[in-house]
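A short worksheet on the structure shown next.
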Amino acid sequence: EQACESLDARGDEKHNSTNNRNDNDTQVDTSILTLDWDLGGAQVTSITGYREQDEDTFNEYDSSAATFLYLDFYNKYDQFSQELRLASKVGDKIDYVVGLYYWESNYEQTWNTGELHYWLDQLGALTGVPGGLGLSPDYLSLSKQHQKTTSYAAFTSADWHIDEKWTATIGLRYTYEEKDFTGSDSRFFEPGDPLPQLTYTPLNDDWSEVSPKAGLAYQYNDDIMFFGSFAQGFKSGGFFGRNTDFTSAESYDPETVDTYEIGMKSEWAGSRVIFNPTAFYSEYKDKQEEVLIETAPGTVATNVLNAASVNLWGIELELQARLTEAWSVRAAYGYLDSEYDGFVADLNGDGTATDNDNLVLRNAPETTYGLSSTYTIPIGPGEFSAYVAYRFQDDIETILNNDEQGHIKGLENLDVSLAYSWDHYRIAAFGRNLTDEVYSRRVRIEPLVTFGQYTQGTNYGVELSVSF
Numbered sequence: 003e004q005a006c007e008s009l010d011a012r013g014d015e016k017h018n019s020t021n022n023r024n025d026n027d028t029q030v031d032t033s034i035l036t037l038d039w040d041l042g043g044a045q046v047t048s049i050t051g052y053r054e055q056d057e058d059t060f061n062e063y064d065s066s067a068a069t070f071l072y073l074d075f076y077n078k079y080d081q082f083s084q085e086l087r088l089a090s091k092v093g094d095k096i097d098y099v100v101g102l103y104y105w106e107s108n109y110e111q112t113w114n115t116g117e118l119h120y121w122l123d124q125l126g127a128l129t130g131v132p133g134g135l136g137l138s139p140d141y142l143s144l145s146k147q148h149q150k151t152t153s154y155a156a157f158t159s160a161d162w163h164i165d166e167k168w169t170a171t172i173g174l175r176y177t178y179e180e181k182d183f184t185g186s187d188s189r190f191f192e193p194g195d196p197l198p199q200l201t202y203t204p205l206n207d208d209w210s211e212v213s214p215k216a217g218l219a220y221q222y223n224d225d226i227m228f229f230g231s232f233a234q235g236f237k238s239g240g241f242f243g244r245n246t247d248f249t250s251a252e253s254y255d256p257e258t259v260d261t262y263e264i265g266m267k268s269e270w271a272g273s274r275v276i277f278n279p280t281a282f283y284s285e286y287k288d289k290q291e292e293v294l295i296e297t298a299p300g301t302v303a304t305n306v307l308n309a310a311s312v313n314l315w316g317i318e319l320e321l322q323a324r325l326t327e328a329w330s331v332r333a334a335y336g337y338l339d340s341e342y343d344g345f346v347a348d349l350n351g352d353g354t355a356t357d358n359d360n361l362v363l364r365n366a367p368e369t370t371y372g373l374s375s376t377y378t379i380p381i382g383p384g385e386f387s388a389y390v391a392y393r394f395q396d397d398i399e400t401i402l403n404n405d406e407q408g409h410i411k412g413l414e415n416l417d418v419s420l421a422y423s424w425d426h427y428r429i430a431a432f433g434r435n436l437t438d439e440v441y442s443r444r445v446r447i448e449p450l451v452t453f454g455q456y457t458q459g460t461n462y463g464v465e466l467s468v469s470f
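Heads up: take any position in the sequence shown, counting from 1, add 2, and you land on the working numbering.
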């Protein structure tokens, strides 16, 4: 009976249906150096960053007890960044910042795909003849990708204090970015044999963008400030690096967004209450989405395309109140309305583009709100605190074509903790997800598999931390 249960392919929130463990071994090294120079009337700041990451991951992508598909991949990544900026004044009215920014990153990934091609060969899907290639169950499919990204930017921002009430802000950023990508085809080999010779396809593209911002603030009194702003954001273009044939691959262009905001920041009751309402409207252009494209008759692959425009608007409300010296509460509310505009793409992999404006954007809940409270009092040599937080999130979609398997119903979450802190020590007892909300965020690899991982249900614990 136990053996039958271990081979049951029906996984749920309490049972793992894979036939092997999902393992990950990741090493990350990060260094940041910040230097400031006071030049008397001006300050120069240098920020240097470096990050290196090595990752070794084994994933059972079929998420079942069947020996059907796994990925064993090795990723190497490094990045270097350098920012140099100058902050100063012009008279008593203008504060400004000017700066330069440089970014360079490299990643290299090696993918071994196991089991899948053996079964496809047995079914005749590779040659049209069952077992036509004669692959053994141990055969792997090898592919590699490498990309170097280089980015340069120059930016400036200035605040003009028109008078005691009004402040105008204007800024500008110029970005130039280049990506050199190399992707290989996919070749079969048997472990222990020499690695196969791969054929590589080099790809290159570059983009430049000017991103402005402007704002106006009105200080009504010492406790109330009204503001309005406009800003344009920029998300880099690139290449989709998880395919096995790049001979027909093309780059996708940058995604931009224009965002308008109006709002108020305010303090009441002698700064014991903070209330900050904001309304915003954003318009995305060339929204990047992963879609299916037909690479050959009967063959589809995933790619990233500039699929559509997106319009969204919403409101955010934030309230903080210190009811007593020991007791404080915080509440937040958000409403979001979003829609595609001109989203025409082939989402079914049959070579037919359709109008998809009726789709709901992924990870965009219409309503969110939360309430938290903290109570803190001194006891003995330290401080005791109690914390409780409640959060609600509306329904969301997690799969682009709104497949029902990617629908996650509204979630309620309740966390509680009790802690005592003294000197450099803190001990805490906690209960998380006391509402026991458990859900699976699923991923579809058409037309092969759908897999997902469940979130953790109600859990309790005690932790001790030391700061030094």
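Here a beta-carbon is modelled for each residue, glycine too, at the ideal position from N, C-alpha and C.
Selection from the options that minimises the alpha carbon distance to residue i
i	options	result
Asp260	Lys237, Met266, Ala271	Lys237
Glu117	Asp165, Glu85, Tyr63, Lys150	Tyr63
Pro139	Lys146, Gly239, Leu71, Val346	Leu71
Tyr103	Asn114, Phe157, Thr69, Asp94	Phe157
Trp113	Trp105, Leu86, Gly130, Lys78	Lys78
Ser159	Gly136, Ser213, Asp80	Ser213
Gln322	Ile164, Glu269, Val30	Glu269
Tyr202	Val275, Leu420, Ser145	Ser145
Arg175	Ala127, Met227, Leu135, Gly235	Gly235
Tyr427	Val468, Val275, Gly459	Val468
Phe432	Ala388, Arg274, Met266	Ala388
Distance, residue j Cα to residue i Cα
i	j	result
Phe229	Tyr222	10 angstroms
Ile379	Val390	15 angstroms
Val346	Gln149	29 angstroms
Arg443	Asp97	47 angstroms
Glu465	Tyr377	19 angstroms
Phe60	Tyr109	18 angstroms
Leu307	Phe241	10 angstroms
Ser330	Asp161	34 angstroms
Leu319	Lys181	40 angstroms
Thr249	Gly51	35 angstroms
Pro196	Phe190	11 angstroms
His119	Leu142	8 angstroms
Arg434	Thr457	12 angstroms
Gln84	Asp27	29 angstroms
Pro132	Asp123	6 angstroms
Asp58	Thr115	14 angstroms
Leu9	Arg23	Because the pLDDT of Leu9 is 38, which lies under 50, any placement of that residue in the model is unreliable, and the number read from its coordinates should be weighed accordingly. Going by the C-alpha atoms only, they are around 14 angstroms apart.
Gly336	Asp348	33 angstroms
Asn21	Ser231	54 angstroms
Gln290	Arg364	12 angstroms
Residue i, DSSP secondary structure in three states
i	result
Tyr63	coil
Leu450	coil
Asp417	strand
Gly133	coil
His119	helix
Ser469	coil
Glu406	helix
Leu361	coil
Gln458	coil
Gln199	coil
Leu495	Because the chain in this structure spans residues 3 to 470, residue 495 falls outside the shown range and cannot be described.
Asn22	coil
Leu218	strand
Leu35	strand
Leu325	coil
Leu307	strand
Leu144	strand
Leu125	helix
His426	coil
Pro299	Residue confidence is low: Pro299 scores 47 on pLDDT, short of 50, so the model does not pin down where it sits. Its coordinate-derived value is still stated next. The answer is coil: DSSP assigns Pro299 none of H, G, I, E or B.
8 angstroms contact criterion, which residue i and residue j should meet: CB distance rounded
i	j	result
Gly384	Trp424	3 angstroms
Ala233	Ile172	Contact flag wrong, Cβ pair sits at about 11 angstroms.
Thr326	Lys287	Thr326 to Lys287, Cβ: 49 angstroms. No contact.
Gly185	Ala89	Rounded, the Cβ-Cβ distance is 43 angstroms, inconsistent with contact.
7 angstroms CB neighbourhood of residue i in its chain, flanking five on each side removed
i	result
Arg87	Thr47, Val99, Val100, Gly101
Ala366	Leu338, Ser340, Ile398
Leu135	Asp123, Leu128, Thr129
Neighbourhood of residue i by C-beta distance below 6 angstroms, restricted to the same chain and skipping five residues each side
i	result
Tyr178	Tyr154, Ser210
Asn54	It is worth fixing the name first, because residue 54 is Glu in this sequence and not Asn. So the qualifying residues of the chain are Asp31, Asp80.
Ile34	Gly51
Gln29	Asp56
Leu416	Tyr392, Leu436, Thr437
Leu37	Ser48
Glu15	Val440, Tyr456
8 angstroms Cβ shell around residue i - same chain, five flanking residues per side excluded
i	result
Asn206	Glu180, Lys181, Asp182, Phe183
Pro198	Leu144, Arg189, Phe190, Phe191
Leu200	Leu144, Ser145, Lys146, Ser186, Asp187, Arg189
Val293	Thr304, Asn305, Val306, Leu307, Ala309, Ala347, Asp348, Leu349, Leu402
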